[in-house]
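In what follows, a structure is listed as structure tokens, so that the remarks can point back to it.
2 protein chains.
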Amino acid sequence: MGLIVQKYGGTSVRDAERVMNVANRIVEAYDAGNNVVVAVSAQGDTTDNLIEKAMEINSNASKREMDVLLSTGEQISISLLAMAIEKIGRPVISLTGWQAGFKTDAAYSNARIDRIDTERLQNEIDKRRIVIVAGFQGINKYGDITTLGRGGSDTSAVALAAALNADICEIYTDVDGVYTADPRIVKNAKKLDDISYDEMLELASLGANVLHNRSVEMAKKYHVKLAVKSSLNKVEGTLVKEVNKVEKMLVRGVTRDNDVARISLCGVEDTPGKAFTVFSLISKENIGVDLILQSIGNNGKKDISFTVKESDLDRVIEILEENKEIINAQEIKFAKDVSKVSIVGAGMVNNAGVATKMFEALYNAHININMIATSEIKISVLVPRKDAERAVVAIHDKFMLA
Amino acid sequence: MGLIVQKYGGTSVRDAERVMNVANRIVEAYDAGNNVVVAVSAQGDTTDNLIEKAMEINSNASKREMDVLLSTGEQISISLLAMAIEKIGRPVISLTGWQAGFKTDAAYSNARIDRIDTERLQNEIDKRRIVIVAGFQGINKYGDITTLGRGGSDTSAVALAAALNADICEIYTDVDGVYTADPRIVKNAKKLDDISYDEMLELASLGANVLHNRSVEMAKKYHVKLAVKSSLNKVEGTLVKEVNKVEKMLVRGVTRDNDVARISLCGVEDTPGKAFTVFSLISKENIGVDLILQSIGNNGKKDISFTVKESDLDRVIEILEENKEIINAQEIKFAKDVSKVSIVGAGMVNNAGVATKMFEALYNAHININMIATSEIKISVLVPRKDAERAVVAIHDKFMLA
Numbered sequence: 037m038g039l040i041v042q043k044y045g046g047t048s049v050r051d052a053e054r055v056m057n058v059a060n061r062i063v064e065a066y067d068a069g070n071n072v073v074v075a076v077s078a079q080g081d082t083t084d085n086l087i088e089k090a091m092e093i094n095s096n097a098s099k100r101e102m103d104v105l106l107s108t109g110e111q112i113s114i115s116l117l118a119m120a121i122e123k124i125g126r127p128v129i130s131l132t133g134w135q136a137g138f139k140t141d142a143a144y145s146n147a148r149i150d151r152i153d154t155e156r157l158q159n160e161i162d163k164r165r166i167v168i169v170a171g172f173q174g175i176n177k178y179g180d181i182t183t184l185g186r187g188g189s190d191t192s193a194v195a196l197a198a199a200l201n202a203d204i205c206e207i208y209t210d211v212d213g214v215y216t217a218d219p220r221i222v223k224n225a226k227k228l229d230d231i232s233y234d235e236m237l238e239l240a241s242l243g244a245n246v247l248h249n250r251s252v253e254m255a256k257k258y259h260v261k262l263a264v265k266s267s268l269n270k271v272e273g274t275l276v277k278e279v280n281k282v283e284k285m286l287v288r289g290v291t292r293d294n295d296v297a298r299i300s301l302c303g304v305e306d307t308p309g310k311a312f313t314v315f316s317l318i319s320k321e322n323i324g325v326d327l328i329l330q331s332i333g334n335n336g337k338k339d340i341s342f343t344v345k346e347s348d349l350d351r352v353i354e355i356l357e358e359n360k361e362i363i364n365a366q367e368i369k370f371a372k373d374v375s376k377v378s379i380v381g382a383g384m385v386n387n388a389g390v391a392t393k394m395f396e397a398l399y400n401a402h403i404n405i406n407m408i409a410t411s412e413i414k415i416s417v418l419v420p421r422k423d424a425e426r427a428v429v430a431i432h433d434k435f436m437l438a
Numbered sequence: 037m038g039l040i041v042q043k044y045g046g047t048s049v050r051d052a053e054r055v056m057n058v059a060n061r062i063v064e065a066y067d068a069g070n071n072v073v074v075a076v077s078a079q080g081d082t083t084d085n086l087i088e089k090a091m092e093i094n095s096n097a098s099k100r101e102m103d104v105l106l107s108t109g110e111q112i113s114i115s116l117l118a119m120a121i122e123k124i125g126r127p128v129i130s131l132t133g134w135q136a137g138f139k140t141d142a143a144y145s146n147a148r149i150d151r152i153d154t155e156r157l158q159n160e161i162d163k164r165r166i167v168i169v170a171g172f173q174g175i176n177k178y179g180d181i182t183t184l185g186r187g188g189s190d191t192s193a194v195a196l197a198a199a200l201n202a203d204i205c206e207i208y209t210d211v212d213g214v215y216t217a218d219p220r221i222v223k224n225a226k227k228l229d230d231i232s233y234d235e236m237l238e239l240a241s242l243g244a245n246v247l248h249n250r251s252v253e254m255a256k257k258y259h260v261k262l263a264v265k266s267s268l269n270k271v272e273g274t275l276v277k278e279v280n281k282v283e284k285m286l287v288r289g290v291t292r293d294n295d296v297a298r299i300s301l302c303g304v305e306d307t308p309g310k311a312f313t314v315f316s317l318i319s320k321e322n323i324g325v326d327l328i329l330q331s332i333g334n335n336g337k338k339d340i341s342f343t344v345k346e347s348d349l350d351r352v353i354e355i356l357e358e359n360k361e362i363i364n365a366q367e368i369k370f371a372k373d374v375s376k377v378s379i380v381g382a383g384m385v386n387n388a389g390v391a392t393k394m395f396e397a398l399y400n401a402h403i404n405i406n407m408i409a410t411s412e413i414k415i416s417v418l419v420p421r422k423d424a425e426r427a428v429v430a431i432h433d434k435f436m437l438a
């Protein structure tokens, strides 16, 4: 008998039929003798519908009131899921974020979990009840409802697993697990049986769309064993855990990210601290800068290129315009028709041949590389968006990941 | 400068436009220098839609989980209304039932308010914020969400007014106020400027459908001055308050209630306690018995007739069937095609002529009276349902209420 934390996303509970399916799966784990705590998201389109309701009234509503509104989505899910389990005839109780003891900071719409007061949770578990917890939400020190922002329900689940010292945290989603590449792009992409936290972190931030980074970071920090599984079938998923053995496969996966735009500041004065000035202006607005390329100075001038999320581009252009005297560039260029393609693998840092092999794959496919960035466990290249899918396939084939 | 508590029902906030209207009305009171606390119901069909969602999954869900589900309806309303007030540009904050300090007993789906811990409310008022509170809901000693049952939002508003010692509690609804009769039946029905708590209680319980009884009882107990107003126009409503002056008008209103069924136990043994036995069987199931008529015994047998809500009839018949040996009646008869028509007025107890005048009106209209019941401030008669509207008009005319 162990303690299992499960997490089900919005598509997994989008209608009555899916809710009953999820209920059956939870009861299966419970009937096998486990204690089960479940974090659940809002049903299907609920959150979007609520946002639409708000927009009709005030497109600039405070984040506090948006959180009061949006948190109802998960509250609806938990009660319906609890009712489904009641129907099967097992003891169950639903808890909202504040009932489950999720204490967060005060950053409405993007709060961080400070701690979970587990007294109520533990009481319910001790009564051998299945506990259904609203993901994505908590309460701050003012007694106000907060939401955790994107990927919040994954984070809720991992936080529950950490606080309750669970044996495993199972994240149920609409894919079977973590693949070597997006199966929609690469036909022979292969599911990974396991992957390390660091590799998963890189994959998540590179657009693998399976687990949100915050949840993986937290899992790593608190040594929570994660399993990514499909809520639609019984296929074994992917385990995310500390992997210590030497990996047979250097490269674990190939990803593509289209939410990227490139900005080039051409003919900037080549004085110390110029790049710092630019990036500090941008980071002040909480906008993340990703790949950065700085040309070698020439006649006292240099070029600085970098990428941001495409959705941040307009704001970045504004910032650069507002500060053009300080930046003093000859020309500012930007491009949206680019994608970031990356390979990830814990082993690659010790193997110089990996980068060469990646570039060779792209060269053979006649794909131009705009920018390159490397870290300990990943190599990213910026390529024209029209070539991005071909690039993923070419790299996947080259490394024979399938 | 005073403190006003306002209450808006579901139809008053059913869409974005109505929410903006309500927001404007609240701001008007606020800008006049008042502190304003608002209790609001779930939007239009929200509650019905939520119930439907539950029914698809489990038609026999626990009341606890139903309350978790249904309480989201008001939480949606409060956030949207707060956003509308933010848009107008006034300081505002929304509070759920538990945030507003509504402490209730543990009777899920029909909880009673034990007290309101007003600390948070008072803090927000002191900051000159408009406070929007979710009606219909609270929290019990286990930290679980409860709902107050039918008419709950009215009760929430009156409880707020009592706890905060408000100058007035304004109940906004879709009618202008309290009328001498239902304006849909009696064309020349007249709006009352004021009415006493007791008269309002009788009118409410007799089907006037303006205010729920629980809220009027609470208003009477805590001396809360109530105003019933329309949320759709600016017409002066009806004040409900302690009326001490001798009333000019003996009869304040005529009401009709179709949710009534008559049951007759014919040929019951005329022994002491027989009626008590019957009614205790029924009251054990929490079913209210209204008019009671007991014939004078004859040959050791008597007839007992009484009325219940039509919706309770099937259950009452079951109870009588299950206990027919104990009751030992020669025949049990029941009728659904009846209505209760009543006149209400604080002055009538001292004036014997009122009843005579009422019966005369019905006699002249050729309407048969089945049963009669009187209290200090009302006289009710049971008439055939087909004649009920004519009865209301005839009585209204006779007393020249218009």
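Chains A and B, in that order, are what the protein sequence lines are.
Under the working numbering, the first residue of the first sequence carries the number 37, and numbering increases by one thereafter.
Under the working numbering, the first residue of the second sequence carries the number 37, and numbering increases by one thereafter.
Don't be surprised by glycine CBs; every beta carbon is placed ideally from N, CA and C.
Keep in mind it's a predicted model, so treat the numbers as computed, not measured.
Pair within 8 Å by beta-carbon distance, residue i and residue j
| i | j | result |
| --- | --- | --- |
| A:D218 | A:I413 | no |
| B:T191 | B:I231 | no |
| A:L200 | A:V344 | no |
| B:P127 | B:R151 | no |
| A:V314 | A:I340 | yes |
| B:A59 | B:I124 | yes |
| B:M56 | A:I93 | yes |
| B:T140 | B:Q111 | no |
| A:I355 | A:F342 | no |
| B:I168 | B:S130 | yes |
| B:L301 | B:I363 | yes |
| B:K226 | B:G213 | no |
| B:Y44 | B:I166 | no |
| B:L262 | B:C205 | yes |
| A:V73 | A:L117 | no |
| A:M254 | A:A170 | no |
| B:K89 | B:S145 | no |
Partner residues on chain A for residue i, Cβ-Cβ distance less than 7 Å
| i | result |
| --- | --- |
| B:Q30 | Any question about residue 30 of chain B goes unanswered here, given that chain B covers just 37 to 438. |
| B:A9 | No answer is possible for residue 9 of chain B: the residues shown for chain B start at 37 and end at 438. |
Contacts that residue i makes with chain A (C-beta to C-beta distance below 9 Å)
| i | result |
| --- | --- |
| B:L460 | Given that chain B is displayed from residue 37 to residue 438, the structure contains no residue 460 of chain B and the question cannot be resolved. |
| B:V55 | E92 and I93 |
| B:A430 | Within 9 Å Cβ-Cβ: nothing; B:A430 doesn't reach chain A, min ~48 Å. |
Per-residue contacts from residue i into chain A (C-beta, under 8 Å)
| i | result |
| --- | --- |
| B:I114 | V104 |
| B:A142 | Result: empty, since nearest Cβ-Cβ is about 14 Å, beyond 8 Å. |
Proximal chain B residues relative to residue i, where beta-carbon distance stays under 8 Å
| i | result |
| --- | --- |
| A:N201 | Near A:N201 there are no residues of chain B at all, since even the closest Cβ is about 23 Å away, more than 8 Å. |
| A:Q111 | V104, L105, S107, T108 and Q111 |
| A:S145 | In chain order: nothing, as chain B lies at least about 13 Å away. |
| A:D52 | For the sequence presented, residue 52 of chain A should be read as Ala rather than Asp. Simply K89, E92 and I93. |
Limits of the unbroken alpha helix (DSSP H) element including residue i
| i | result |
| --- | --- |
| B:L196 | G188 to L200 |
| B:S319 | K310 to S319 |
| B:I353 | L349 to E358 |
| A:K226 | Segment: none, A:K226 is in no alpha helix (DSSP H) and carries neither H nor E. |
Start-to-end residues for the beta strand (DSSP E) that takes in residue i
| i | result |
| --- | --- |
| B:T47 | Note, B:T47: premise wrong, no beta strand (DSSP E); not H, not E. |
| A:Y178 | Run containing A:Y178: none; DSSP gives neither H nor E here. |
| A:I204 | I204 to T209 |
| A:M37 | A:M37 -> no beta strand (DSSP E), and no H or E assigned at all. |
Heavy atom of the ligand GDP within 7 Å of residue i beta-carbon
| i | result |
| --- | --- |
| B:T182 | The ligand GDP is not among the ligands present in this structure, which contains no ligands whatsoever. |
Short CB-CB distance (under 8 Å) between residue i and chain E
| i | result |
| --- | --- |
| A:E412 | In the structure shown, chain E cannot be found, because the protein chains are A and B. |
Chain-ordered chain B contacts of residue i [CB-CB under 9 Å]
| i | result |
| --- | --- |
| A:E238 | Ordered by position in chain B, no residue passes the 9 Å Cβ test against A:E238, which lies about 38 Å from the chain. |
Chain-ordered chain B contacts of residue i [CB-CB under 7 Å]
| i | result |
| --- | --- |
| A:E160 | Under the 7 Å cutoff, chain B gives no residues; its nearest Cβ is about 11 Å from A:E160. |
Task: Residues, ordered as in the chain, of the region 257 to 274 of chain B that lie near chain A by beta-carbon distance below 9 Å - done: none
Task: Complete runs of the beta strand (DSSP E) confined to the region 96 to 150 of chain A [at least 3 residues] - done: 128 to 131 and 138 to 140
- [ ] Quick one: which residues of the region 80 to 99 of chain A get their C-beta closer than 8 Å to a C-beta of chain B? List them in chain order.
- [x] L86, K89, A90, E92, I93, N94, N96, A97 and S98
TODO: Run through the region 360 to 389 of chain A for me and flag every whole alpha helix (DSSP H) of 4 or more residues, listed as ranges in chain order.
DONE: 360 to 363
Open item on the list: Which residues of the region 120 to 132 of chain B have a Cβ closer than 8 Å to any Cβ of chain A? Give them in chain order.
Closed with: A120, E122, K123, I129, S130 and T132
Task: Near-chain A residues of the region 55 to 77 of chain B (beta-carbon distance less than 9 Å), N- to C-terminal order - done: V55, M56 and A59
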